Structures are given as C-alpha cells and as structure tokens.
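Written below as structure tokens is the structure these notes are about.
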Amino acid sequence: MTPVEALSEAEAKAELARLAEAIARADRAYHERDAPEITDAEYDALRQRNSAIEARFPALVRADSPSRRVGAAPAGGFAKLRHGAPMLSLGNVFDAAEFAEFCARARRFLGLPGDAKLPLVAEPKIDGLSINLTYQDGRFRHGATRGDGTEGEDVTANLLTLASVPRDLGGPAPSRIEIRGEVFMTKADFLALNAAQDAAGERLFANPRNAAAGSLRQLDARITAQRPLSLFAYAMGEASERVATTHWAYLERLADWGFTVNPLSRRLADAAEAADFQAEIAAARAGLPYDIDGVVYKIDDLGLQDRLGFAGREPRWATAWKFPAERATTTLLDITIQVGRTGALTPVAQLAPVNVGGVLVTRATLHNEDEIARKDVRIGDTVIVQRAGDVIPQILGIVPERRPADAHPFMMPERCPACGSAAVRPEGEVVRRCTGALICPAQAEERLIHFVSRAAFDIDGLGEKSVREFMQAGLLRGPADIFRLPAQEAAIATREGWGAVSARNLVQAIDARRRISLARFIYALGIRRIGEANARLLARHYGSFAHWRSQMLAAVQIGAEARSDLASILGIGPAIAEALAEFFAEPRNVAILDALAAEVTIADAAAEAGGEARLAGKTVVFTGTLATMTRPEAKAMAERLGAKVTDSVSKRTDFVVAGEDAGSKSRRAAELGVRLLTEQEWRDLAGL
Ligand code: IVH
Numbered sequence: 002m003t004p005v006e007a008l009s010e011a012e013a014k015a016e017l018a019r020l021a022e023a024i025a026r027a028d029r030a031y032h033e034r035d036a037p038e039i040t041d042a043e044y045d046a047l048r049q050r051n052s053a054i055e056a057r058f059p060a061l062v063r064a065d066s067p068s069r070r071v072g073a074a075p076a077g078g079f080a081k082l083r084h085g086a087p088m089l090s091l092g093n094v095f096d097a098a099e100f101a102e103f104c105a106r107a108r109r110f111l112g113l114p115g116d117a118k119l120p121l122v123a124e125p126k127i128d129g130l131s132i133n134l135t136y137q138d139g140r141f142r143h144g145a146t147r148g149d150g151t152e153g154e155d156v157t158a159n160l161l162t163l164a165s166v167p168r169d170l171g172g173p174a175p176s177r178i179e180i181r182g183e184v185f186m187t188k189a190d191f192l193a194l195n196a197a198q199d200a201a202g203e204r205l206f207a208n209p210r211n212a213a214a215g216s217l218r219q220l221d222a223r224i225t226a227q228r229p230l231s232l233f234a235y236a237m238g239e240a241s242e243r244v245a246t247t248h249w250a251y252l253e254r255l256a257d258w259g260f261t262v263n264p265l266s267r268r269l270a271d272a273a274e275a276a277d278f279q280a281e282i283a284a285a286r287a288g289l290p291y292d293i294d295g296v297v298y299k300i301d302d303l304g305l306q307d308r309l310g311f312a313g314r315e316p317r318w319a320t321a322w323k324f325p326a327e328r329a330t331t332t333l334l335d336i337t338i339q340v341g342r343t344g345a346l347t348p349v350a351q352l353a354p355v356n357v358g359g360v361l362v363t364r365a366t367l368h369n370e371d372e373i374a375r376k377d378v379r380i381g382d383t384v385i386v387q388r389a390g391d392v393i394p395q396i397l398g399i400v401p402e403r404r405p406a407d408a409h410p411f412m413m414p415e416r417c418p419a420c421g422s423a424a425v426r427p428e429g430e431v432v433r434r435c436t437g438a439l440i441c442p443a444q445a446e447e448r449l450i451h452f453v454s455r456a457a458f459d460i461d462g463l464g465e466k467s468v469r470e471f472m473q474a475g476l477l478r479g480p481a482d483i484f485r486l487p488a489q490e491a492a493i494a495t496r497e498g499w500g501a502v503s504a505r506n507l508v509q510a511i512d513a514r515r516r517i518s519l520a521r522f523i524y525a526l527g528i529r530r531i532g533e534a535n536a537r538l539l540a541r542h543y544g545s546f547a548h549w550r551s552q553m554l555a556a557v558q559i560g561a562e563a564r565s566d567l568a569s570i571l572g573i574g575p576a577i578a579e580a581l582a583e584f585f586a587e588p589r590n591v592a593i594l595d596a597l598a599a600e601v602t603i604a605d606a607a608a609e610a611g612g613e614a615r616l617a618g619k620t621v622v623f624t625g626t627l628a629t630m631t632r633p634e635a636k637a638m639a640e641r642l643g644a645k646v647t648d649s650v651s652k653r654t655d656f657v658v659a660g661e662d663a664g665s666k667s668r669r670a671a672e673l674g675v676r677l678l679t680e681q682e683w684r685d686l687a688g689l
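My numbering numbers the first residue of the sequence shown as 2 and each following residue consecutively.
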C-alpha cells in the first residue's frame with residue numbers, strides 16, 4: 002500500500018472513495034446484520050488510513066466521510082446547499098367543504114367528471130422540520146434543511162447521527178434521487194430534553210418542533226447525536242429516473258430502501274373517504290407519541306401529479322387538512338406560585354376546567370411576572386389557553402371585552418409562599434427566587450425528587466409521589482435520609498398503600514444504589530447550573546469525590562487558584578464556577594453533602610489524562626447498537642481504560658455491553674453467567 006505521504010491528490014481522492022465504501026460496508030455488516038466481515042483491527046486500520054489521508058488533503062473530505070459520522074464542529078455556520086428541485090409548501094383546508102373544493106378544482110383541472118374517483122394517499126402531518134436528502138448511486142451524499150425552498154443549510158454531519166437516515170439505499174435506485182421527509186422529536190423525548198436543559202440551567206424549547214430544529218441545527222454534530230431525533234420520509238424531489246407510478250408505490254420503495262414511512266399512512270380509494278380518515282386521526286391524535294397538526298392528502302397517481310403541477314408555491318395535487326387550533330377560552334380563577342428546586346418562583350394559572358383538543362386543562366404556566374404584566378393578565382379575566390406542542394398549556398392572552406369589573410391584578414409575592422424567606426429578583430433577571438435554600442420545604446422536596454430521578458440516583462419505587470409522602474410523614478428531610486429508610490422498613494410496610502412486599506422492594510432498590518458514579522452523584526445534588534453534562538465534566542476533571550470536595554471548598558474564595566482551575570475547565574466557565582462556589586460557601590450544604598457521602602460509595606471517575614487503568618485486565622464484548630456512541634468509539638474508550646475488547650463471548654469475558662437489538666451474544670452471556678451491562682451501566686463504569 003502506498004504510504005499516505007506519497008499519495009498524489011488523484012490517488013488520495015480515489016482511496017478516500019474506496020475507504021468510505023469499505024467502512025460503510027463494514028459498518029453495515031457489523032451494526033445492521035451483526036455479522037462482521039472484517040476483524041476489528043482491519044476495521045481500525047481502514048479508519049486510521051482514512052483519517053490520515055483526510056488530514057493531509059482536507060479539501061478532499063467527502064460529504065459521506067466515515068470521519069464525519071461523529072462530526073467535528075465546523076468553524077462557522079452551515080454551508081449552503083441548493084436543492085435539485087425546489088422544496089415548496091402546501092395549501093391548507095380546514096373543513097370538509099374546503100376539502101371538497103380542493104378535489105373539485107383538481108378534477109376540473111384534469112377535465113375529469115365531477116364524480117370520477119380520485120384515489121389519494123393520506124399521511125399524518127407531523128410538526129417537525131422538513132429536510133432534503135440526496136442519494137447518489139444509492140449512497141447518502143448530503144442533506145439540507147428546507148431553508149428558503151431553493152437553498153437550505155448543509156446538515157449532513159448531523160443527519161448522519163440519525164439512525165433513520167439510511168447510509169445506503171441497499172438495492173436498485175436511480176443514480177441520483179432526492180428524498181424528503183420530516184425530522185421530529187417525540188413528545189416524551191421533548192419533555193425529557195427540556196427537563197435536562199432545565200437542570201443544566203440551559204434554555205428550554207417551546208415545543209417538540211423547536212426542539213427538533215434546535216437539535217438538528219447544531220454546529221457540533223456530537224450534540225445532535227445525543228438528541229433523540231427521528232425521520233419519516235414522505236416525498237420525492239429531483240430524481241434521475243421514475244421509481245414508481247403511484248405515490249403509494251413510491252412510499253413502498255422508500256420503505257424498501259430503509260426509510261421509515263409513517264405507519265398511519267393510508268391509501269384511500271376515493272377522496273370521499275378522507276373525512277372518515279380525518280376523524281380517525283383526530284381521535285388518535287392525543288395518544289400519538291408525536292405532534293401532528295393535520296393530515297396531508299396527496300393524489301396517488303404520479304402521472305396526474307405531474308399534470309396538475311404547482312400553483313405558485315403550492316401543489317395542485319396535495320393539500321393539508323388542518324385540525325382546528327388547539328385553543329380555548331376559559332376563566333382565570335387564581336394565580337398560584339410553584340417553588341422549584343433552585344428556588345425559582347413560577348406563577349401558575351388556575352383555570353376553570355376547559356377541554357383543549359381533547360384534554361382537560363385546569364392549569365397553565367404564566368412563566369414569570371414580566372410575562373403577566375406584558376399580557377396584562379388579571380385574576381377573573383377570560384384567557385385564551387393553548388396547548389403548545391400538545392404538551393404544556395400556555396396562556397396566549399386575554400379577551401379584553403370580557404374583563405369583569407372585579408378583575409384584579411396579580412402581585413408577585415416578595416416572600417416565598419412555602420418558607421416565608423425573602424423572594425428576590427436579581428437585576429437583569431426575569432425570575433424571582435426564594436432565598437430560603439436549605440430551610441425552604443418546597444425546595445427541599447423538589448431537590449429530593451430530582452435526587453431520586455432517572456439520571457441521578459435512579460431509585461426504583463421512590464418517585465415524586467413517595468418522596469412527597471415521606472417528607473410529609475417526617476421520614477425524609479434530606480438526601481442522606483433516603484439511605485436510612487431501610488431501617489424504617491417495618492414502619493413503611495404498615496403505611497397505607499404500601500405493605501410488606503413494596504417496602505421490601507423499596508429497601509432493595511435503595512441498597513442497590515449505594516454505589517454510584519461521581520458524575521451521577523454530583524448531578525444528583527441539584528446544584529444550580531449543574532446538569533448531567535457539567536457533572537460529567539467535573540467528575541472527569543477531578544476524578545474522585547474527595548478531590549472534588551476539597552477543590553470546591555478551596556474554590557469558594559474568588560481569587561483562589563482552585564477557582565480559576567474550575568472556571569478554566571472546557572465547558573464550565575465563570576458562571577458555573579460561581580454556582581458551585583455559592584453552594585460550597587454554605588456550611589449547611591457541605592454538611593448535607595458529607596452526611597450523604599457517608600451513606601454511599603462514590604466510584605472514582607476515569608482520570609482525564611494518563612488514564613488510571615480502571616478496567617485493566619478486563620475483557621469486554623460490545624453487542625447491539627449503542628445509542629450514545631459508535632462501536633469504534635466505545636471500543637477505543639474501553640481500551641483506554643485498560644480493557645481488552647473481543648468479538649465473541651466466552652467464559653473469560655468479564656462483561657458484555659448490550660445495546661439496542663443485542664442478539665445472540667447477550668444470550669450467550671446469559672448462558673455462561675457473564676455479566677451483562679446496559680449502555681448506561683457501561684457509561685457509569687467508564688466514568689462518563
Ligand atoms: S409533502 C409539495 N407530506 O408540511 C409537497 N409535507 O406545509 C411538500 N409535512 O414543508 C410536502 N408532513 O414540512 C408533505 N406527509 C407530509 C408532511 C409534510 C409534514 C410538512 C413539511 C412541509 C409542510 C408544508
């Protein structure tokens with residue numbers, strides 16, 4: 002093989018093409034069929050050569066380069082990509098009469114009799130963002146957002162992190178084809194993302210659509226990789242040849258090529274069936290895992306579509322039958338205050354119960370006092386409620402004509418309703434906070450709920466409801482008390498709704514969590530601005546609990562070296578450093594921390610450089626698809642920690658890390674009694 006230094010530009014180009022293909026082929030064999038065709042060493046050699054050539058010829062890096070799969074952050078914004086065929090929009094109809102008019106127009110345009118059957122395809126209209134994927138010779142070339150319809154942003158690296166974007170069409174396909182679809186986030190994933198954003202003190206997304214757009218349009222594709230995005234494919238752009246004669250057959254081709262087509266899509270023998278389908282989807286809407294705002298109806302025959310063409314920016318062969326907006330008016334009965342984990346006071350509207358799009362709404366967020374003032378919302382007003390993104394009800398505004406004479410403005414309290422401490426609003430901030438930190442029962446309760454949550458101590462059977470119950474009963478005051486609950490097993494067993502079995506299970510769940518990674522431990526403390534990602538950075542930087550604790554105490558002093566060391570950790574910075582210093586400056590916080598540390602074992606994190614070989618001598622097998630890292634990445638990480646990574650499970654294997662769709666290897670592990678780890682357990686073990 003020619004050494005990289007000796008390659009000409011033309012040779013390098015040809016090699017990169019060859020390598021991209023070979024690596025993609027190996028990836029498919031490994032990830033999709035779980036049947037590797039080459040050894041790991043051969044695979045690594047391919048990747049290494051690819052990287053070396055790219056380093057020497059940066060201009061030759063391909064859009065589908067294997068090195069772009071995890072994606073380095075581009076220097077500036079996104080490059081622009083021109084769509085082969087423009088991405089247009091859709092007209093809307095809102096009721097059966099308007100829909101009938103759409104069909105009548107199409108028939109007239111085609112010269113069909115008014116009673117001619119008009120076969121359609123109906124697809125739920127997902128509220129996400131549309132993207133255009135270009136495939137050349139069956140291989141994914143690049144992908145772009147819709148942009149202005151002519152030109153979008155090149156989000157290729159980000160799209161490559163989506164499992165639902167096929168790298169290869171894996172079958173006969175036109176030499177060049179544009180495939181369009183919608184990238185979206187499920188409602189549940191949206192809520193979880195916002196909770197994590199909130200915990201990390203980062204901005205919240207208004208709805209799943211914004212969350213999907215914000216996640217896809219990340220300059221650092223590694224962030225996109227951590228966001229749960231999906232794609233439904235539904236349309237065609239430019240294509241070098243015809244792939245079907247009906248839209249329905251085209252959807253089938255899409256599915257053959259490995260795309261996900263919305264399973265609720267339906268072929269209708271005639272437009273007359275649309276109203277029933279519309280009602281069916283409207284009824285299913287609230288229960289769907291993702292937001293939809295209507296149904297798209299497309300004339301099935303692609304020949305007719307061609308003849309119909311476009312009127313301006315809208316096709317004559319398709320329309321969106323939208324659901325009525327999910328809004329309603331109701332009376333604002335009262336405004337109450339909710340105190341969050343970090344003391345933030347949030348005004349909550351208490352509403353006369355109202356049905357909004359099939360869901361009974363009794364409360365809505367009013368965000369903060371500025372928001373109330375801006376909308377001039379007064380108690381007694383008639384307000385317009387909207388379920389934003391189908392999830393969190395919001396107050397859009399008031400109906401001024403219906404303001405009763407006795408409507409009265411709301412005053413944000415200057416004291417915390419839970420503990421009576423002063424509630425202050427720092428200059429330049431919109432949020433008023435309770436200053437009672439450690440004496441405020443509301444904050445303590447929210448902190449404990451955070452403490453036991455999934456990404457923190459993750460204690461099964463100890464959810465929000467039981468935490469509130471135990472606090473009320475005086476069984477819990479602070480986090481350390483959780484680990485003293487096992488001593489109360491008998492007392493818990495006699496509580497209403499508990500019993501011996503649930504009490505036993507709870508004790509076991511608590512005992513199972515006495516050992517915890519440093520990152521989770523730090524995150525669980527619920528310190529302002531310390532979300533999961535920052536907790537991981539801290540754990541990796543400081544390595545052990547004792548070291549972290551002593552450095553944080555030293556960092557309380559503004560000029561201290563420990564403070565500048567903290568603020569200089571990549572990704573931390575002064576604001577986060579200050580939040581930590583604030584926490585450690587309070588002796589009662591340190592006392593709570595120490596009481597907790599005495600109850601649990603905090604595992605050291607892998608040291609950043611030099612790497613203590615915490616997995617030294619261990620043999621690891623990875624199987625299935627990991628959600629948060631590629632297989633080569635996981636392997637490299639294990640090796641860095643001193644482990645040996647092998648392909649097959651034997652008695653000598655120490656543990657098997659099973660990702661999504663793990664097959665025979667995890668069964669084999671079970672047979673041999675080899676320890677099976679979930680991806681999260683593996684991440685904990687690796688100190689991530
Ligand atoms: S077809 C020319 N099908 O709706 C036809 N669009 O209002 C172009 N959308 O930009 C689109 N689900 O973002 C089509 N099944 C579906 C859709 C869909 C959602 C979005 C898409 C488009 C917008 C038009």
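Yeah, the Cβ is synthetic: ideal placement off N, Cα and C, and Gly gets one too. Please read all numbers here as calculations on a predicted model, not as lab measurements.
Would you list, in sequence order, the uninterrupted beta strand (DSSP E) runs of no fewer than 3 residues that lie entirely inside the stretch 231–270? 231–240 and 267–269
Of the residues Arg254, Phe141, Leu194 and Ala98, the one placed nearest Ala456, counting alpha carbons only: Position 455 of the sequence shown, counting from 1, holds the residue named residue 456. Among Arg254, Phe141, Leu194 and Ala98, the Cα nearest to that of Ala456 is on Leu194.
Go ahead and pull the three-state DSSP assignment for Ala73. Locating residue 73 in the sequence shown gives position 72, where the first residue counts as 1. At Ala73, the pLDDT of 28 sits below 50, so the modelled position is not reliable; the number obtained from the coordinates is stated separately. Note: Ala73 maps to coil in three-state DSSP.
Which residue's Cα is closest to the Cα of Trp249: Gly288, Ser52, Ala197 and Tyr298? For the purposes of this step, residue 249 is taken as residue 248 along the sequence shown, with counting starting at 1. Cα-wise, what sits closest to Trp249 is Tyr298.
Kindly indicate which three-state DSSP category Gly612 falls into: helix, strand or coil? Within the sequence shown, residue 612 is the residue found at index 611, counting from 1. Legend: pLDDT at Gly612 = 43, less than 50; position of this residue unreliable, value from coordinates given subsequently. Coil, per DSSP.
By Cβ distance below 6 Å, which residues in the same chain neighbour Ala25 in space, the five residues on each side in sequence not counted? For the purposes of this step, residue 25 is taken as residue 24 along the sequence shown, with counting starting at 1. Arg168.
For Asp301 and Ala365, I'd like the C-alpha separation in whole angstroms. As a first step, residue 301 is located in the sequence shown; it is residue number 300 there, counting from the start. As a first step, residue 365 is located in the sequence shown; it is residue number 364 there, counting from the start. Whole-angstrom Cα-Cα distance: 42 Å.
Any heavy atom of the ligand IVH closer than 6 Å to the beta-carbon of Lys323? Numbered from 1 along the sequence shown, position 322 holds the residue referred to as residue 323. Not under cutoff, so the answer is no.
Helix, strand or coil at His1 [DSSP, three-state]: The question about residue 1 has no answer, for the chain in this structure spans 2 to 689.
Distance, Cα to Cα, Ala272 vs Ala280? In the sequence shown, counting from the first residue as 1, residue 272 sits at position 271. In the sequence shown, counting from the first residue as 1, residue 280 sits at position 279. In a straight line, the C-alpha of Ala272 is about 14 Å away from that of Ala280.
Val468 and Ile450: beta carbons closer than 7 Å? Within the sequence shown, numbered from 1, the residue matching residue 468 stands at position 467. Within the sequence shown, numbered from 1, the residue matching residue 450 stands at position 449. For Val468 and Ile450, yes; Cβs fall inside 7 Å.
Suppose the cutoff is 6 Å on Cβ atoms and the five residues either side in sequence are ignored; what does the same chain contact list for Ala608 look like? On the sequence shown, position 607 is the one that residue 608 refers to. Its pLDDT being 44, under 50, Ala608 is placed unreliably in this model, and the value from its coordinates should be taken loosely. Once the five neighbours on either side are set aside, the close Cβ partners of Ala608 are Gly544.
Span separating the alpha-carbon of Arg254 from that of Ala174: Within the sequence shown, the letter at position 253 stands for residue 254. Within the sequence shown, the letter at position 173 stands for residue 174. Spanning the two alpha carbons is a distance of roughly 9 Å.
Could you tell me whether any non-hydrogen atom of the ligand IVH is closer than 6 Å to the CB of Leu91? For this step, residue 91 is matched to residue 90 along the sequence shown. Correct: Leu91 has its Cβ closer than 6 Å to the ligand IVH.
Asp391 (DSSP reduced to helix, strand or coil): The sequence position of residue 391 within the sequence shown is 390, counting from 1. Any answer about Asp391 is weak, because its pLDDT of 46 lies below 50 and its placement is not dependable; what the coordinates show is given next. Asp391 falls in the coil class under three-state DSSP.
Residues near Ala534 by beta carbon distance below 8 Å, same chain, minus five either side: Indexing the sequence shown from 1 puts residue 534 at position 533. The answer, listed in chain order, is Ala201 and Gly572.
Just checking Tyr235 against the ligand IVH - is the residue's beta carbon closer than 6 Å to any of the ligand's heavy atoms? For the purposes of this step, residue 235 is taken as the residue at position 234 of the sequence shown. Set against 6 Å, the gap from the CB of Tyr235 to the closest heavy atom of the ligand IVH is smaller.
Give me the Cα-Cα distance between Ala353 and Lys188, rounded to the nearest whole angstrom. In the sequence shown, the residue the question calls residue 353 occupies position 352. In the sequence shown, the residue the question calls residue 188 occupies position 187. Between Ala353 and Lys188, the C-alpha separation is close to 25 Å.
Is Gly660 buried or exposed, if buried means 16 or more other CB atoms sit within 10 Å of its CB? Residue 660 sits at position 659 when you count from the first residue of the sequence shown. With a threshold of 16 other beta carbon atoms within 10 Å, Gly660 meets it and is buried.
Counted within 10 angstroms of its Cβ, other Cβ atoms place Ala117 as buried (16 or more) or exposed: Here the question's residue 117 lines up with position 116 in the sequence shown. Here Ala117 is exposed, its C-beta having fewer than 16 other C-beta atoms within 10 Å.
If you check the beta carbons only, do Ile1 and Ala350 fall under 7 Å apart? Residue 1 lies beyond the range of the chain shown here (2 to 689); nothing can be said about it.
DSSP has His409 in a bridge; who is on the other side? Counting from 1 along the sequence shown, the entry for residue 409 is found at position 408. Paired residue(s): Ile380.
8 Å CB neighbourhood of Arg478 in its chain, flanking five on each side removed: Numbered from its first residue, the sequence shown carries residue 478 at position 477. The answer, listed in chain order, is Ala445 and Met472.
Roughly how far, in whole angstroms, is the beta-carbon of Leu130 from the beta-carbon of Ala226, given that I think they are within contact range, below 8 Å? Here residue 130 refers to the residue found at position 129 of the sequence shown. Here residue 226 refers to the residue found at position 225 of the sequence shown. In fact, because the Cβ distance is near 18 Å, the residues do not count as touching under 8 Å.
List the endpoints of the continuous beta strand (DSSP E) containing Trp322. Here residue 322 refers to the residue found at position 321 when the sequence shown is read from its first residue. Run containing Trp322: Ala319 to Lys323, per the beta strand (DSSP E) assignment.
Cα separation between Trp499 and Gln509? As a working mapping, residue 499 is identified with position 498 in the sequence shown. As a working mapping, residue 509 is identified with position 508 in the sequence shown. For Trp499 and Gln509, the distance between alpha carbons rounds to 15 Å.
Quick one: what does DSSP say Val5 is sitting in, helix, strand or coil? Along the sequence shown, one-based indexing puts residue 5 at 4. In the structure shown, Val5 sits in a helix (DSSP, three-state: H, G or I).
Would you say Pro394 and Leu367 are within 7 Å of each other, going by their C-beta atoms? Start at 1 with the first residue of the sequence shown, and residue 394 comes out as number 393. Start at 1 with the first residue of the sequence shown, and residue 367 comes out as number 366. Against a cut-off of 7 Å, the Cβ pair of Leu367 and Pro394 comes out as no contact.
Supposed close pair Leu89, Arg308 - CB separation, criterion 8 Å: Position 88 of the sequence shown, counted from the start, is the residue given in the question as residue 89. Position 307 of the sequence shown, counted from the start, is the residue given in the question as residue 308. With a Cβ gap of about 17 Å, Leu89 and Arg308 do not count as contacting.
Closest residue to Arg181 among Leu689, Gly643, Leu346 and Leu252 (Cα-Cα distance): As a first step, residue 181 must be located in the sequence shown, where it is residue number 180. Selected option, being the one with the closest Cα: Leu252.
Based on the DSSP output, what are the partners of Pro316 in its beta bridges? On the sequence shown, residue 316 is found 315 positions in, with the first residue counted as 1. Pro316 pairs with Phe311.
Measuring from the CB of Glu183, is there a heavy atom of the ligand IVH at a distance below 6 Å? Locating residue 183 in the sequence shown gives position 182, counting from the first residue. Checking the Cβ of Glu183 against the ligand IVH gives yes.
With DSSP as the reference, label Gln219 as helix, strand or coil. The count along the sequence shown starts at 1 and reaches residue 219 at position 218. Coil at Gln219, not helix or strand.
Close-in-space but distant-in-sequence residues of the same chain around Thr157 (CB under 6 Å, 5 per side omitted): Position 156 of the sequence shown, counting from 1, holds the residue named residue 157. Counting only Cβ-Cβ distances below 6 Å, and skipping sequence neighbours, we find Ala64, His143 and Gly144.
Apart from the five residues just before and just after Val585, which ones in its own chain have a Cβ nearer than 8 Å to its Cβ? Taking the first residue of the sequence shown as position 1, residue 585 is located at position 584. Residue identity check: residue 585 is Phe in the sequence provided, not Val. Excluding sequence neighbours, Phe585 sits near Met553, Leu554, Ala556, Val557 and Val591.
Span separating the alpha-carbon of Ser176 from that of Trp258: The residue labelled residue 176 in the question sits at position 175 within the sequence shown. The residue labelled residue 258 in the question sits at position 257 within the sequence shown. Distance between the alpha carbons of Ser176 and Trp258: 14 Å.
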